[in-house]
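Q: Okay, handing you the structure first.
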Amino acid sequence: MAKKYLVIVESPAKVKTIKKFLGSNYEVLASNGHIRDLPKSTMGIDIENNFEPKYITIRGKGEKLNELKKNAKKADKIFLATDPDREGEAISWHLKTALGQDEKKLYRISFNEITKNAVKESLKNPRQIDMGLVDAQQARRVLDRMVGYMISPVLWQKVKRGLSAGRVQSVALKMICDREAEIDAFIPEEYFDIEAELKLEGEKKPFLCKLNYKGKEKLRITNKEELANIISVIEKADYKVSDVQVGKRTKKAPVPFITSTLQQEASKTLNFSTQKTMRLAQQLYEGVDIKGRGTVGLITYLRTDSIRIAETAQEAAKEFIEEKYGKEYIATTESTNKSGKKIQDAHEAIRPTDITLMPELIKDELSRDLFRLYQLIWKRFVASQMENSISEIKSVKISADEYIFNASDSKVLFDGFTKVYTASDEEKEKSDNVISKLTKESELSLVKLNQNQHFTQAPAHFTEAALVKALEEEGIGRPSTYAPTITTILARHYVTKENKNLYVTDLGEAVNNIMKEAFEVIVDSKFTANLESLLDMVEEGKVEWKTVVSNFYPDLEAAVKNAEKELEKVEIADEVTDVICEECGRNMVIKYGPHGKFLACPGFPECRNTKQYFEKIGVACPKCGGEIVIRKTKKGRRYYGCENIPECDFMSWQKVSKEKCPKCGGFMVERGNKLTCGDTECGYVCDKPKEETK
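Shown next, in the form of structure tokens:
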């Protein structure tokens, strides 16, 4: 009688793909993610018993577990084929425990791509469960559970609704709040630049050059008087080419995608959220129906911080590039990781499983968004295996009296990887025929001077892509945590998203202030990054996972006890307003909800009347004299607007001051500890009066 083998994967989508590769002796079933976890009703960690987790079968998974047990009993061998990362290893370990089978018939297999070769190869090389990976995941789960279950009740008590804290999300929220404070405090500074439109004798079309130096000194024009003085000199001056430099510039081929860079590039070029990118990438990994091929896993595993490429994939790429583009396009040097930080090198970068499956060949088989993401991954991988691009750069200095203008021209000598792929933030090569003809003997004449007024820009608001980059640079979180972290702070209304930018809400600000005040260590990015390093050491078997937890717990417990004691003293009572409830005549009170403050009748539950709350700031509207109140956009971003909107359209992103501008008489706004005129043309700045600074 033929032997029966059971293969257990995480996702039902993989079942169909993998079944196709294996014979009738193999049964393939899905666990649908975790089978066991910590209970929801309690913290589920036995503090007294060396922080032992109390795992239970997840509610609703009993039937699934029984199905797996029934099939496991019949099988001669059981292969646990969950994802190739910490989470996947932990799921396999939980399955092994829950199935209760003889250990001798249980094997762990893992593959980086769902292809016939990869799956069959993994079955030939089964292994034991890697307890380093499991323990690193247990440590993360227990640390996150302790933070969530110990701090959340404090937030509940303080802000009065069911809020929650998280180890990584609290740091991400603080980063966004800090950036918002930086932007609010930023004072724009005026500056000018000058461009000259020059004509080369014999040419019809003028060319542009920019004023950068006075002698050897870098020039920065900060006022109109200085601008006028310079113009008076250079409009009468003779323009001569004083220096011409010709050189080559090599642009390195990009490294293939890892999780964070895929999320960033998909956000910039495709306008995908991190969550959407990961959902679509998961589909590409698990398998898509392709006509004539059946279900095919199109990309390798999507949660990775390694840029390593398998030798077989490199060889396949060389063959493809030579055939499609020519031998000269094959990379002669290997891409390297610039960050230098530890990477999980058992993994590979994200790449197509079959380079010959070009995006245009399967476009009709994929949804629009799946196609666009697959195309992005395919192009980036092909480019990573191609030669660098080379350009010729011509830099020209043009003197006008003692002032130096610069112009440059670039010409592509060899396009290399750019034949396939150009990143969203890379500048396109600019070519100007006239500049390319300039020599020291060139005769130039001035056509006109352009004066441009600018203001220095505040730091940019975080986008999802920028936040992922910042979290990665700080060493906070891992490939699997970026998307869930951002999804959580958006879902809890701590942060809102408008036109790609992330803005903190009133609720987010309130939570962040409490976290900073009472749980300083938790929101310290260096502390969180250090914990990530400790988890890596657990994975490598250098540190016991319970040691990490037992070192963390006393400080957390002390902070919680101290916060409970302190926060009792400053507990917020409902603030009574002069707004009368039209249904029962009581004075309405201010409450906090998931979206921030609102007005509610204190007669609840008899009277359930609620309405929007607009907080007055004690400043008259500069347009109509009404009250300025704090308002919110539809998505929850705060601004200062007139109470008479829509009749009066006054609004400001910065808080409006009572002070009037002494220079132009206009309204002033607060930026950190300064006041600036609301009219950028005026540009008046002064210190905040002491009573406003307090």
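FYI, full-length UniProt numbering numbers position 447 of the sequence shown as 447, with every residue one higher than the one before it.
Ideal Cβ placement from N, Cα and C applies to all residues, glycine included.
Note that the coordinates shown come from a computational prediction; the quantities given were computed from them, not determined experimentally.
With 16 as the cutoff for other CB atoms within 10 Å, does N452 come out buried or exposed?
A: Within the sequence shown, the letter at position 452 stands for residue 452. Burial call: exposed.
Q: If the criterion is Cβ atoms closer than 8 Å, does the pair T439 and V241 meet it?
A: Walking along the sequence shown from the start, residue 439 turns up at place 439. Walking along the sequence shown from the start, residue 241 turns up at place 241. Cβ atoms of T439 and V241: closer than 8 Å.
Q: The beta strand (DSSP E) spanning N513 covers which residue range?
A: Counting from one through the sequence shown, the residue named residue 513 turns up at place 513. That residue, N513, is in no beta strand (DSSP E); its alpha helix (DSSP H) goes D506 to A518.
Q: Assign T481 to buried or exposed, taking buried as 16 or more other Cβ atoms, counted over all protein chains shown, within 10 Å of its Cβ.
A: Translated into positions along the sequence shown, residue 481 becomes position 481. The residue is buried, with at least 16 neighbouring Cβ atoms inside 10 Å.
Q: Cutting at 6 Å between CB atoms, please list the residues of its own chain near S424, excluding the five before and the five after it.
A: Here residue 424 corresponds to residue number 424 of the sequence shown, with the count starting at 1. Answer for S424: K268 and T269, listed in chain order.
Q: For F417 and E464, what's the separation of their Cα atoms in angstroms?
A: The sequence position of residue 417 within the sequence shown is 417, counting from 1. The sequence position of residue 464 within the sequence shown is 464, counting from 1. Looking at the two C-alpha atoms, the distance is approximately 27 Å.
Q: Given a cut-off of 8 Å, decide if I8 and A81 are closer than it, judged by their beta-carbon atoms.
A: Locating residue 81 in the sequence shown gives position 81, counting from the first residue. Locating residue 8 in the sequence shown gives position 8, counting from the first residue. Yes, they are a contact pair.
Q: Starting from the Cα of D130, find the closest Cα among V147, K120, G672 and E87 and give me that residue.
A: Position 130 of the sequence shown holds residue 130. Measuring from the Cα of D130, the nearest candidate turns out to be E87.
Q: I'd like to know if the segment 297–311 and the segment 351–365 are in contact, where contact means that at least 3 CB-CB pairs between them fall below 8 Å.
A: Touching, per the Cβ criterion.
Q: Thinking C-alpha only, which one of I47, Y5, I58 and N32 is nearest Y107?
A: To locate residue 107, count along the sequence shown from 1; it is residue 107. The candidate whose alpha carbon is nearest that of Y107 is Y5.
Q: Run through DSSP, which three-state label would I572 get?
A: Mapped onto the sequence shown, residue 572 falls at position 572. Per-residue confidence for I572 stands at a pLDDT of 49, beneath the threshold of 50, marking its modelled position as unreliable; the derived number appears in the next sentence. If DSSP states are grouped into helix, strand and coil, I572 belongs with coil.
Q: Terminal residues of the continuous beta strand (DSSP E) containing Y403?
A: In the sequence shown, residue 403 corresponds to position 403, counting from 1. Y403 to F414 is the extent of the beta strand (DSSP E) around Y403.
Q: With respect to the alpha helix (DSSP H) encompassing H94, which residues constitute its N-terminal and C-terminal limits?
A: Within the sequence shown, the letter at position 94 stands for residue 94. That run of the alpha helix (DSSP H) goes R86 to L99.
Q: Report the rounded CA-to-CA distance for G44 versus M651, giving the unit in angstroms.
A: For this step, residue 44 is matched to residue 44 along the sequence shown. For this step, residue 651 is matched to residue 651 along the sequence shown. Cα-Cα distance, rounded: 49 Å.
Q: If I follow the unbroken alpha helix (DSSP H) through I78, where does it start and stop?
A: Walking along the sequence shown from the start, residue 78 turns up at place 78. No alpha helix (DSSP H) holds I78; the beta strand (DSSP E) holding it covers K77 to L80.
Q: Under DSSP, the alpha helix (DSSP H) around Y640 begins and ends at which residues?
A: Walking along the sequence shown from the start, residue 640 turns up at place 640. Not the alpha helix (DSSP H): Y640 falls in the beta strand (DSSP E), residues R638 to C642.
Q: Under the DSSP definition of a beta bridge, which residues are partnered with L446?
A: By 1-based counting over the sequence shown, the position of residue 446 is 446. L198.
Q: With K658 as the anchor, note down where its alpha helix (DSSP H) starts and where it stops.
A: The residue labelled residue 658 in the question sits at position 658 within the sequence shown. Segment V656 to K660 is the beta strand (DSSP E) holding K658; no alpha helix (DSSP H) there.
Q: List the endpoints of the continuous beta strand (DSSP E) containing V434.
A: Taking the first residue of the sequence shown as position 1, residue 434 is located at position 434. Where V434 is concerned, there is no enclosing beta strand (DSSP E), although the alpha helix (DSSP H) it sits in stretches over N433 to S436.
Q: For V543, tell me which candidate among A136, K73 and N49 has the shortest Cα-Cα distance.
A: Mapped onto the sequence shown, residue 543 falls at position 543. Taking only the C-alpha atoms, the option nearest V543 is A136.
Q: What is the residue span of the alpha helix (DSSP H) that L262 lies within?
A: Along the sequence shown, one-based indexing puts residue 262 at 262. Where L262 is concerned, the enclosing alpha helix (DSSP H) stretches over T259 to L270.
Q: My output table needs one value for Y374: the three-state DSSP class, helix, strand or coil.
A: Taking the first residue of the sequence shown as position 1, residue 374 is located at position 374. In this structure, Y374 counts as helix in the three-state DSSP scheme.
Q: Contact check, T505 vs T496 under 8 Å by CB: the rounded distance?
A: Within the sequence shown, residue 505 is the residue found at index 505, counting from 1. Within the sequence shown, residue 496 is the residue found at index 496, counting from 1. Rounded, the Cβ-Cβ distance is 6 Å, consistent with contact.
Q: My output table needs one value for residue 698: the three-state DSSP class, helix, strand or coil.
A: Here the chain covers residues 1 to 694 and nothing more, so residue 698 does not appear.
Q: Counting only the same chain and skipping the five closest in sequence on each side, list residues whose C-beta sits under 7 Å from that of C642.
A: Sequence index remark: in the sequence shown, residue 642 carries index 642 (1-based). The residues are C621, K623, C624, G626, I628, C648 and F650.
Q: Does the segment 469–477 come close enough to the segment 512–532 that 3 or more CB-CB pairs lie under 8 Å?
A: Counting Cβ pairs under 8 Å, three or more are found: they touch.
Q: Can at least three beta-carbon pairs, one atom from the segment 434–448 and one from the segment 202–212, be found at a separation below 8 Å?
A: With a cut-off of 8 Å, the segment 202–212 and the segment 434–448 count as touching, because enough Cβ pairs lie within range.
Q: For R380, does the count of other Cβ atoms within 10 angstroms reach 16, so buried, or fall short, so exposed?
A: Counting from one through the sequence shown, the residue named residue 380 turns up at place 380. Burial call: buried.
Q: Relative to the C-alpha of S431, which candidate in I330, Y421, D409 and E540 has its C-alpha closest?
A: To locate residue 431, count along the sequence shown from 1; it is residue 431. S431 has its Cα closest to that of D409, out of I330, Y421, D409 and E540.
Q: Is it right to say P479 is buried, meaning 16 or more other beta carbons lie within 10 angstroms of its own, or is it exposed?
A: Here residue 479 is taken as the residue at index 479 of the sequence shown, counted from 1. Classification for P479: buried.
Q: Restricting to Cα atoms, I'd like to know which of D289, Q263, F455 and V288 is closest to M278.
A: Residue 278 sits at position 278 when you count from the first residue of the sequence shown. It is Q263 whose Cα lies nearest to the Cα of M278.
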